[in-house]
Amino acid sequence: IINAISENVKLENVIWEAPLKSQQVWFIKHFGHNVNLGNISPDEVIPLESLRLGLRGDTFFQFLPKK
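Heads up: the sequence shown begins at 2 in our numbering, then just goes up one per residue.
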């Protein structure tokens, strides 16, 4: 379902619900650090931003230069 949506709708027009860290990591890895995520609890905003910036082990390697 996610592939069908992402192929037919501009990603900037979609907000993906991702309340769990594992879901957030998956969306960031597949759609990039600017993916629109919703249903984030207030106490998870800063950890999510750390994921987006590659400051956590889950997404650190997403920001390394390609060889």
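C-beta: ideal position from N, C-alpha, C; glycine also. Fair warning: this is a prediction, and the values are worked out from it, not measured in the lab.
Quiz prompt | E18 beta carbon less than 7 Å from that of N40 | solution = yes
Quiz item: How would you write the range of the alpha helix (DSSP H) that A5 sits in, first residue to last?
Solution: I3 to N9
Quiz item: F32 lies in the alpha helix (DSSP H); which residues open and close that run?
Solution: K22 to F32
Quiz item: For the candidate residues K67, K22, I6 and Q63, whose alpha-carbon lies nearest to that of G33?
Solution: Q63
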